[in-house]
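1 is the number of the first residue of the sequence shown in the working numbering; add one for each residue after it.
A virtual CB, placed ideally from N, CA and C, is assigned to each residue, including glycine.
Quantities reported herein were computed from a predicted structural model and do not represent experimental measurements.
Below is one structure; the comments refer to it alone.
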Amino acid sequence: MKPELLAPAGNLAKLKLAFCYGADAVYLGGKSFSLRTYAENFTEEELAEGIAYAHEAGKKVYVAANIFARNSDLSRLKEHFRLLERLHADAVLISDLGVFSLCRETAPALPVHISTQANTLNLAAAKFWQSLGASRVVLARELSLAEIAEIHAACPSLELETFVHGAMCISYSGRCYMSDYMDSRSANRGACVQACRRAYRVQTKEGASDDFYDVEEDGKLSYVMNSKDLNMSRLLKELEGAGVCSFKIEGRMKGEFYLATVVNAYRRILDGGYSEELGEELLSCPHRPYITSEELGSVMPQAPDSSQTGGAYDFIAIVTEGGTRPTVEMRGRFFEGEQLEILSPSDTFRKTFPVKDLQGEGGERCTDAKLVQAKYTFSCPYPLARGDILRRKK
């Protein structure tokens, strides 16, 4: 069986977009208990709608409840687990042993996946979680291919999931206390302020004065704790061979353009194999310098500075009604006659065309689509579908 492609869903619209571009499953959070409290996340009603939508399409939904809980969280967690069981969520992601026990007692029919936040690094830990009833473990990011293979050999019936793409924490699997210490916002409860992404200065005490010194590298400040982004697109076959059954993309707080671009590229790589052209797709959207090491544990993830490219393309519009005269919702200014490119899960992917017969929402002719999120129509030589994205090469 082909490995699962697992995408982030920061809200209901992104859930539908992820499935449109080829995700087999999504992971998301409710309004409480997940590690992305700054994402839009899902109300109870949206959870119900999202799970029903996924199941109708033959897809799956995993719900994160992976905070390190305090006593005050426990009663509400019980209610949350009962809700997820009633809604037939495909699994809940948990990192805390006490929360795991609470879930098994409260919602015994709800499958449990062990979050990467639990920092599973060895086969003994994987066996332990399986013995308690976990059906899947999301492995720590710093494991090598050889270590993953050893875990799979030790417990072959346990599903193994690993991150293949996206932002990385300086603490790899996320158990970090810097945000709590500096800003009283706990990363382990979903409120990380990403203090590791900041620039720092070194203070030294010599003589009577306290002097500050910039940490420099090649004339620029060094963001010494700022991690590179993970990109394992070349190594999906090797990961599959090591026993990984689910490839996970990071990014519940990322935008539609990022989500569509990355999911589309990985779907195509899974279905047809890696190519340089598809590898270049992952340069299309905003990202930090990538790690593409031959083994996940072979290099440290730090980048020498804060550099983050905006990507090779601008996000111009998303199609809301398809056809050869589509309706699009504007995301970036474009003009009559301008050449645009299609991002799509269909065979119109990467086709280009000039914008012709541009009209505003009221049917008025125009040459300049300049109103953000306004609706526009135009003639297109290719049939576009709802969810297709139009982009422009920078």
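From 361, 25, 383, residue whose alpha carbon lies closest to that of residue 376: Looking at 361, 25, 383, the one whose alpha-carbon comes closest to that of residue 376 is 361.
Checking contacts by CB at 9 angstroms: is residue 139 closer than that to chain C? Structure shown: chain C not included; a single protein chain is present.
Give the DSSP bridge partners of residue 291, in chain order. DSSP lists 230 as the bridge partner or partners of residue 291.
Using DSSP bridges, identify the partner residues of residue 330. Partner(s): 317.
Outcome for residue 287 when other beta-carbon atoms lying within 10 angstroms are tallied against a minimum of 16: It counts as buried.
Could you give the distance in angstroms between the alpha-carbon of residue 133 and the alpha-carbon of residue 371? Going by the C-alpha atoms only, they are around 53 angstroms apart.
Alpha carbon to alpha carbon, what distance is there between residue 236 and residue 230? So the alpha carbons of these two residues sit roughly 13 angstroms apart.
Helix, strand or coil: how does DSSP classify residue 19 here? DSSP places residue 19 in the helix class (H, G or I) of the three-state scheme.
To which residues does DSSP link residue 376 through a beta bridge? Residue pairing from DSSP places residue 376 in a beta bridge opposite 328.
Use the C-beta contact count for residue 88: other C-beta atoms within 10 angstroms, 16 or more gives buried, fewer gives exposed. Around the beta carbon of residue 88, fewer than 16 other beta carbons sit within 10 angstroms, so the residue counts as exposed.
Compute the beta-carbon to beta-carbon distance between residue 93 and residue 119, rounded to the nearest angstrom, for a pair I have assumed lies under 8 angstroms. Not really, about 14 angstroms apart at Cβ, beyond 8 angstroms.
Rounded C-alpha distance that separates residue 259 from residue 153: Annotation: residue 259 to residue 153 spans about 33 angstroms, alpha carbon to alpha carbon.
If you measure between the beta carbons of residue 135 and residue 113, is that distance less than 9 angstroms? Contact: yes.
Going by the DSSP bridge assignment, what does residue 25 pair with across the sheet? Under DSSP, the beta-bridge partners assigned to residue 25 are 6, 60.
Beta-carbon within less than 7 angstroms of residue 218's beta-carbon, same chain only, minus the 5 sequence neighbours each way: which residues are those? Legend: pLDDT at residue 218 = 49, less than 50; position of this residue unreliable, no value from coordinates given.
Rounded to whole angstroms, what's the CA-CA distance from residue 393 to residue 340? Just pull it up for me. A straight line joining the alpha-carbon of residue 393 with that of residue 340 spans about 8 angstroms.
Taking DSSP as the reference, what is the three-state secondary structure of residue 418? No statement about residue 418 is possible, as the shown extent of the chain runs from 1 to 394 and does not include it.
Nearest neighbour of residue 373, chosen from 328, 274, 169 [CA to CA]: Selection 328, 274, 169 evaluated against residue 373 yields 328 as nearest (Cα-Cα).
Just checking residue 106 against the ligand ATP - is the residue's beta carbon closer than 8 angstroms to any of the ligand's heavy atoms? Among the components of this structure there are no ligands whatsoever, and the ligand ATP is therefore not found.
Buried or exposed: residue 381, going by 16 or more other Cβ atoms within 10 Å of its Cβ? Exposed.
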